[in-house]
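As structure tokens, the structure follows; a few thoughts come after it.
Below is the structure:
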């Protein structure tokens, strides 16, 4: 017993010494970069824990204090335990243009979601998944808009009240249901998109993968495989989804083998798009299921947050309801429920963009992991293994970029489009456009490929709700319940309610 105890104590002391020496070795590489929080061995862990649950105020403070420079923060969700944040147009531009063999977006994704320990590195085939979204999904959305609108209507009929009495609903939870069903109408079609168990698995998985990844991050590298295998429900969820789509995938694979790459009546859905573009080694039930779930995760997560934030902003600012409703009704009357109609809703687009500018889904953007040392033009070097990003929270609230940035102006961007001095301004200020001053979808070649689908889907949902329902906050409040922050990501208050009632149109 004594020998065992001595071995445990020796191992613990050895590990503590290893962590201590590693900390100072790692920190020495970036000691030239100023720190937000503590940079001592013990203090940095306390700071990292505090920042893990903090809002974006520290990011904004670093943005203001180190304008045009960089700062670092202790961090529990990067492999190096530090996050480096660069500020200023020049550094941000260099960050987005940096070659992938130096600053890698894909390695950041693998690190953030801990693919190695939850799904396996093979599950992430970025070029293939991006092509599916950028080409097939974006192209199909316009032609299948009627189905999308039908599912929005049916989902709202299911989850929102159908009578004239006000009914309080937990907004974020309710909207996730609507987003998941609508998205999967395009992804897997009827009747599966309305199957309660399938929908619940997809919704839960969206949360599980993020939470589990953050937990795994907090353990030493040597323990991560064990922890990931022990606590992860990610693979279990994938097996449950296989029960629903596995037979369909096998049937399609058989037709590909028997009839070739194209045949009469070939379905136009996500399963087909994945099979069309999948490398041969990924053309199997397990891989296609995981890819479908990953695209679902990306589609449901940001879309539901954006829609929830927009509705909270609208319910708390009822003066915007009338002008938005007038725009929506007029355009739908003239152009119907079409993708073209969505593009003509300038005020609606502006309101959504302003909502996401102020609330957003995270405090940082353009995260890249250095796979080799990278030096910016000002001499700042990011050593291999460290993650660097920029402050979207700081940029979105910068008074040098946005006039009166702390005040919500729902028609800020539609006014910019109307008053534009050249032919490009109407395009530059729409929500889907990429710009270094608005980073919800990132910027550069790794910007979100599904942003066209997401923006139009949210716009269609918002328009349907505003045209067909009245909304307000409980008690007529104009104060939105404070959302939650975790690891630099923001979510609306999980149980906060919005009151809905069906409009009585005479």
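Residue numbers (the UniProt record's numbering): 1 to 506.
For glycine and all other residues, C-beta sits at the position ideal for the given N, C-alpha and C.
Span separating the alpha-carbon of residue i from that of residue j
i: residue 334; j: residue 198; result: 37 Å
i: residue 388; j: residue 73; result: 11 Å
i: residue 15; j: residue 48; result: Reliability of the predicted coordinates at residue 15 is poor, the pLDDT of 48 falling under 50, and no value is obtained from them.
i: residue 225; j: residue 351; result: 44 Å
i: residue 514; j: residue 396; result: No answer is possible for residue 514: the residues shown for the chain start at 1 and end at 506.
i: residue 265; j: residue 255; result: 11 Å
i: residue 461; j: residue 154; result: 11 Å
i: residue 341; j: residue 429; result: 18 Å
i: residue 318; j: residue 479; result: 12 Å
i: residue 310; j: residue 129; result: 28 Å
i: residue 499; j: residue 165; result: 10 Å
i: residue 70; j: residue 149; result: 45 Å
i: residue 211; j: residue 330; result: 43 Å
i: residue 277; j: residue 261; result: 11 Å
i: residue 247; j: residue 236; result: 18 Å
i: residue 93; j: residue 50; result: 30 Å
i: residue 463; j: residue 345; result: 9 Å
i: residue 493; j: residue 349; result: 23 Å
i: residue 293; j: residue 419; result: 42 Å
i: residue 21; j: residue 41; result: Confidence at residue 21 is low in this model, with a pLDDT of 49, below 50, so the placement of that residue should be treated as unreliable; the coordinate-derived value is given next. One C-alpha to the other measures close to 10 Å.
i: residue 139; j: residue 86; result: 35 Å
i: residue 108; j: residue 503; result: 46 Å
i: residue 214; j: residue 482; result: 22 Å
i: residue 401; j: residue 229; result: 46 Å
i: residue 415; j: residue 406; result: 18 Å
i: residue 188; j: residue 285; result: 15 Å
i: residue 501; j: residue 475; result: 14 Å
i: residue 207; j: residue 409; result: 31 Å
i: residue 489; j: residue 307; result: 16 Å
i: residue 297; j: residue 134; result: 16 Å
i: residue 452; j: residue 300; result: 14 Å
i: residue 34; j: residue 82; result: 12 Å
Residue from the options with nearest C-alpha to residue i
i: residue 205; options: 395, 289 and 222; result: 289
i: residue 477; options: 315, 187, 270 and 485; result: 315
i: residue 232; options: 414, 164, 114 and 57; result: 114
i: residue 55; options: 303, 332, 178 and 363; result: 363
i: residue 96; options: 407, 443, 485 and 299; result: 443
i: residue 159; options: 165, 149 and 171; result: 171
i: residue 426; options: 280, 347 and 215; result: 347
i: residue 439; options: 491, 356, 475 and 417; result: 356
i: residue 84; options: 106, 144, 59 and 53; result: 59
i: residue 174; options: 312, 37 and 336; result: 312
i: residue 66; options: 467, 394 and 413; result: 394
i: residue 249; options: 408, 230 and 282; result: 282
i: residue 505; options: 193, 481, 467 and 486; result: 467
i: residue 353; options: 245, 411 and 380; result: 411
i: residue 119; options: 291, 305 and 336; result: 291
Buried versus exposed, by CB contacts within 10 Å (16 or more), residue i
i: residue 377; result: exposed
i: residue 146; result: exposed
i: residue 152; result: buried
i: residue 473; result: buried
i: residue 46; result: exposed
i: residue 132; result: buried
i: residue 263; result: exposed
i: residue 162; result: exposed
i: residue 449; result: buried
i: residue 391; result: buried
i: residue 157; result: exposed
i: residue 44; result: buried
i: residue 24; result: With a pLDDT of only 49 at residue 24, under the threshold of 50, the placement of this residue in the model should not be trusted; the figure read from the coordinates follows. Burial call: exposed.
i: residue 454; result: buried
i: residue 191; result: exposed
i: residue 359; result: buried
i: residue 487; result: buried
i: residue 496; result: buried
i: residue 62; result: buried
i: residue 183; result: buried
i: residue 404; result: exposed
i: residue 89; result: exposed
Could I get the ranges of all uninterrupted alpha helix (DSSP H) runs contained in the stretch 261-342, with 4 residues as the minimum, in chain order? 270-277, 285-316 and 321-335
Every unbroken beta strand (DSSP E) inside the stretch 64-129 [3 residues or more]: 70-74 and 82-86
At 4 residues or longer, what runs of the alpha helix (DSSP H) sit wholly inside the stretch 371-419? 392-396 and 412-418
Go through the stretch 165-211 residue by residue and report every complete run of the alpha helix (DSSP H) that reaches 4 residues or more, in order. 171-187
Three Cβ pairs or more, each shorter than 8 Å: is that satisfied between the stretch 258-275 and the stretch 215-225? no
Counting pairs of Cβ atoms below 8 Å between the stretch 321-333 and the stretch 237-246, do you hit three or more? no
Note down, one range per segment and in chain order, each alpha helix (DSSP H) of at least 4 residues found wholly within the stretch 215-243. 224-231
Count Cβ pairs between the stretch 87-104 and the stretch 364-372 that sit closer than 8 Å; are there 3 or more? yes
What are the uninterrupted segments assigned as alpha helix (DSSP H) that are 4 or more residues long and contained completely in the stretch 419-482, given in chain order? 425-428 and 451-468
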